[in-house]
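In what follows, a structure is listed as structure tokens, so that the remarks can point back to it.
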Amino acid sequence: MDQLLDFAGKATIVYFGIFFIFYLSDKRRIFNGVLLTFGLFLILGDLTILALNTQNSFWLLAGIGIFLFALFLFPIGSLILGAVLLMRSPQLWAKEGVSVQHSLSLIFGLAFLLGWFVIPMGLSHSQSLPWILNLAFLAGAVLYLYLIFTFVCYLVSSWLFKLNRPRLNQDFLIILGCKVTEQGLTPLLKQRCDRALAFYRRQEAKKTRFFPGRKKELILIPSGGQGPDEPRAEAEVMKDYLLEQGVPEVRIRVENQSVNTYENMVFSKKIMDSMKKNYKCLFCTSDYHVFRAGLLSRKAGIRRCSGIGSRTVAYFSYNAFIREYVAAMVMHKKFHLIVAVILCLPWIFSALVLLAALILRLL
Numbered sequence: 001m002d003q004l005l006d007f008a009g010k011a012t013i014v015y016f017g018i019f020f021i022f023y024l025s026d027k028r029r030i031f032n033g034v035l036l037t038f039g040l041f042l043i044l045g046d047l048t049i050l051a052l053n054t055q056n057s058f059w060l061l062a063g064i065g066i067f068l069f070a071l072f073l074f075p076i077g078s079l080i081l082g083a084v085l086l087m088r089s090p091q092l093w094a095k096e097g098v099s100v101q102h103s104l105s106l107i108f109g110l111a112f113l114l115g116w117f118v119i120p121m122g123l124s125h126s127q128s129l130p131w132i133l134n135l136a137f138l139a140g141a142v143l144y145l146y147l148i149f150t151f152v153c154y155l156v157s158s159w160l161f162k163l164n165r166p167r168l169n170q171d172f173l174i175i176l177g178c179k180v181t182e183q184g185l186t187p188l189l190k191q192r193c194d195r196a197l198a199f200y201r202r203q204e205a206k207k208t209r210f211f212p213g214r215k216k217e218l219i220l221i222p223s224g225g226q227g228p229d230e231p232r233a234e235a236e237v238m239k240d241y242l243l244e245q246g247v248p249e250v251r252i253r254v255e256n257q258s259v260n261t262y263e264n265m266v267f268s269k270k271i272m273d274s275m276k277k278n279y280k281c282l283f284c285t286s287d288y289h290v291f292r293a294g295l296l297s298r299k300a301g302i303r304r305c306s307g308i309g310s311r312t313v314a315y316f317s318y319n320a321f322i323r324e325y326v327a328a329m330v331m332h333k334k335f336h337l338i339v340a341v342i343l344c345l346p347w348i349f350s351a352l353v354l355l356a357a358l359i360l361r362l363l
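First residue of the sequence shown: 1, per the UniProt record's numbering; consecutive thereafter.
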């Protein structure tokens, strides 16, 4: 047992060394969340081995308690999250209107709540179901658990990315646009601009106060084109607001051609590349959108791009974060489809064998 404990400890150290290499090399990876999630289970295994190896009753009970806590963490956490999402849905509908897009929190809330009741009930009655329904149910249960796992990994990855605090030595700050109206900035877009302005002023104050001779001028890049239902390009409206707030026009570069976040990053990168080499940059968006925007900045080829987010009202942010999760899964849809097929292979194979046997019997 001592040898097993020693091996487990060394394996955990090596594992987290690999995790930190991936995390520090680029924080814009969902794989970082996957590694950390598995790492937490690895620590749980170490604690279990330690508890079983000790003669101290306190550590034994502590190990058992930690194991039981982790065992029920996923189902209990899913139930709590499901309840919160359901409670937020009516408020979102009242404020934003009823639509499929605004019903994601309801759909996921029901899935998180009902899944942990339906799966045990189905397993307890699996023998009474027709074989094809039984196989379909088991495959569905596996896919449900995979959904929970990917959501947790995305949540952990988003948290890891937000842990990073950009230093006040940036060359460019991209402000990601969203819908504008005849009246100008929407509250959501104004919050993004204000968050960017707060960072801009902090960097200006620090460089002016402590390093007046080495002041690095931060260039703001409002990014966003004109949608079919918008009176002007989002970037132009943001520029007007930044000028009103005292930002000199020479410190603003407008990107007004993009129609989505990926294009925001691609076109903004062209502006930055044309102005400077080996630059430092970050982007500003709403808090729920920060991590996926980071993924897209990596896809666009921007090196070491950090992100900051403006706060969003709670009733909106829950649904919006789920929308971001769904969009991130769609970004890697081929990978998730392959994983889903692999996970369901035992049941697919069993169904084919039983179907072939049934056909042969009929012949």
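The C-beta atom is built at its ideal place from N, Cα and C for all residues, glycine as well.
Taking the C-beta atoms as reference points, Y315 is found no nearer than 8 Å to K179.
As the crow flies, the alpha-carbon of A293 is around 25 Å from that of G109.
Around the beta carbon of G17, fewer than 16 other beta carbons lie within 10 angstroms, which makes this residue exposed. The alpha-carbon of A320 is positioned some 22 Å away from that of L282. Residue state for E236 is assigned as helix, using DSSP reduced to three classes. Scanning the segment 294-354 from its first residue to its last, the whole beta strand (DSSP E) runs of 3-plus residues come out as 306-310. In the three-state DSSP reduction, L176 falls in the strand class (E or B). Residue state for P75 is assigned as helix, using DSSP reduced to three classes. In the three-state DSSP reduction, P187 falls in the helix class (H, G or I).
E255 is bridged by DSSP to S223. Looking at A357, F41 and D46, the one whose alpha-carbon comes closest to that of F7 is D46. A residue is called buried once 16 or more other Cβ atoms fall within 10 Å of its Cβ, and P90, having fewer, is exposed. The shortest CA-to-CA distance from Y15 to any of Y144, L36, L24 and R28 is the one to L36. In the three-state reduction of the DSSP assignment, L129 falls in the coil class. Cα atoms of S268 and L114: separation of roughly 44 Å, rounded to the nearest angstrom. Put simply, of L104, I64 and A62 the residue whose alpha carbon is nearest the alpha carbon of G82 is L104. Judged by DSSP in its simplified three-state form, L168 adopts coil rather than helix or strand.
Note on D273: under 16 other CB atoms within 10 angstroms of its CB, so exposed under the neighbour-count rule.
Taking 8 Å as the cut-off, the Cβ atoms of M238 and P222 count as close. In this structure, the straight-line span from the alpha carbon of L343 to that of Y154 is close to 19 Å. In its chain, beyond the 5 residues on either side, T312, S317, A320, F321 and E324 have a beta carbon closer than 7 Å to the beta carbon of Y288.
Comparing C-alpha distances from L176 to each of P75, Q170, M87 and L185 shows the shortest one belongs to L185. Here the alpha carbons of A205 and L147 stand approximately 46 Å from one another. Assigned with DSSP and collapsed to three states, L362 falls in helix.
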